[in-house]
Amino acid sequence: MSDTINVGAGDRLSRREVVRRGLMGAAGVVLADRLGLPAAMAAALAPRPARAKAVIQIWLWGGPCHIDTFDPKPGAGSDYTGPLEKPIPTNVDGVVIGELLPQLAKIADKYSIIRSMTHGINGHETAAYMVQTGRASGGRVVYPSVGAVVSHFRGHAAGYRGSIPPYIVLTEAQGRFSECGFLGSRCKPFATGGDPGRPRFEVEGIVAPGMTDERQRGRRELLHRLDTLAKAMRGDPALAAFAQSEEEAYGTILGDGAKVYDLAEEKDDVRERYGRNTFGQSCLMARRLVEHGVPYVTINYKGWDTHKQHFQTVRRKLPEMDQGTAALIQDLSERGLLESTIVWWSGEFGRTPRVMWEPPWNGGRGHYGPVFSAMLAGGGFKGGHVVGASDAKGEQVKERPVYPCDLIASIYELMGIDPSGALPHPQGLDVRVMPTPAEGVASAGVLREIM
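Mapped onto the numbering used here, the consecutive letters of the sequence shown carry residue numbers 41 to 491.
The following block contains the structure:
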């Protein structure tokens, strides 16, 4: 049998390329059948059953430094490491990470590190769009983020009926791109506002500042007593629909939906384990949301754009991140939720490997898209592995490049979303979940080595 496959219009792909590009789903099965591929290859093209039910995305807005976190370079010298020159071993033989991540070092067997993420973009907006959608910005189509795509397939299209929206952002919208893209407002995330680290998490539109649940109930009862029109037109279909909407809204404000946001229901030792700060309690809140059936949660964790005072900032933020992220992964594991929940840790890019000691930066790090790190845990991703490598100074990819579309397609596959499937476009355009080869988006293949 020939080593190439004719796919029409004079194009030929190697069998390895067919599998690498992930031609899956119904189209892949038909293609395999028509081409008379071996059974093993046909099986590789067939849709895989979903292993993950939810994603928790830890989005480090501004870009965390790969050298300070998951890709330390102690041999590069102080111009690259700064004062953070002593990486620590993890519980996986041969794998070391940054010295300010001792809690994550203890559970490295539960997550995998990607040290060869790359896209080469150094602008916040364009890099964030690339990492969140898998596509370059600037075209006529505004593509949806991963959260919006999951919201479509695992929320509205799947008959999701939860009182909480299927796509939640804790706590502020990311603001650098349109998360829902052409999928529209139905797939737009609900940004909670508030601060889960405060005594009461005042979720926007659900928990009113300074108002108790008792007062909220009293106001509703007073409204019903004064609403003579509803009494006079009892049984009217339009008013019945309005009453149903009101019931659902108050179910979110005062019912089970509101209880999900009430962190006071958690034991003190659990809250302490995550860290009594905004990020730690956001991680705890994310666990509660996926436990409640929400399929996609983003923790928008700001403060990583460290052009100045980089090391002062990361000495404060990395221990906070370490505690919250490690507690989340461990807690999900202990509750039997890690097998069905993907934890995705990343920013839009890394930071310049060489420290900018000169004024006005005085020890800062700039934007850096040629190589950076990401971390994946749960939902079918293996733990205890390292994918790819950067060079000795963390400046370029040395082996196994991983592009944003590769990582995203891997997440979709584990969620049971066909990367080659169609997305509904309001103008009827033929748009696929992931880029087709014709779009020219750089790809090196899904993360099969950790799936």
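For each residue, glycine too, the CB sits at the ideal point set by N, CA and C.
- Around the beta carbon of Asn340, 16 or more other beta carbons sit within 10 angstroms, so the residue counts as buried.
- The three-state reading of DSSP puts Pro114 in helix, counting H, G and I together.
- With 16 or more neighbouring CB atoms inside 10 Å of its own CB, Val427 falls in the buried class.
- Taking a 10 Å sphere around the C-beta of Gln97, we find 16 or more other C-beta atoms and assign the residue as buried.
- Measuring C-alpha to C-alpha distances from Gly461 to each of Val189, Arg216, Val300, Pro123 identifies Val189 as the nearest.
- Straight-line spacing of the CA atoms in Gly138 and Trp101 works out to 19 Å.
- Scanning Asn162, Glu306, Arg316, Arg194 for the CA closest to the CA of Asp235 turns up Arg316.
- In the DSSP assignment, Gln143 falls outside any beta strand (DSSP E) and within the unbroken alpha helix (DSSP H) covering 142-146.
- Under the criterion of beta carbons closer than 8 Å, Asp108 and Val132 do not qualify as touching, at roughly 19 Å.
- With contacts defined as CB atoms closer than 7 Å, Leu487 and Ser430 fail to qualify as a contacting pair.
- Between His350 and Arg405, the CB-CB gap stays under 7 Å.
- Rounded to the nearest whole angstrom, the CA to CA distance from Leu324 to Trp385 is 15 Å.
- In summary, Gln321 is buried, with 16 or more beta-carbon neighbours lying within 10 Å of its beta-carbon over all protein chains present.
- Of Ser203, Gln436, His106, Lys93, the smallest CA-CA separation from Val354 is found for His106.
- One Cα belongs to Phe389, the other to Val171, and the distance between them is close to 8 Å.
- Setting aside the 5 residues that flank it on each side, Thr130 is surrounded in the same chain by Val136, Ile137, Ala145, Ala148, each with a C-beta closer than 7 Å to its C-beta; the list follows chain order.
- In this structure, the alpha-carbon of Pro477 lies about 16 Å from that of Asp458.
- The criterion of a C-beta distance shorter than 7 Å is not satisfied by Gly387 and Gly174.
- Straight-line measurement puts the Cα of Pro277 at about 54 Å from the Cα of Asp345.
- For the pair Thr381 and Arg375, the Cα-to-Cα distance works out to about 11 Å.
- Following the DSSP letters along the chain, one finds Phe412 inside the beta strand (DSSP E) bounded by residues 412-417.
- Ser483 is not a Cβ neighbour of Tyr452, given a cutoff of 7 Å.
- Note on geometry: alpha-carbon atoms of Phe230 and Val209 lie some 6 Å from one another.
- For Pro114, the closest C-alpha among the options Cys227, Gly434, His159, Met455 is that of Gly434.
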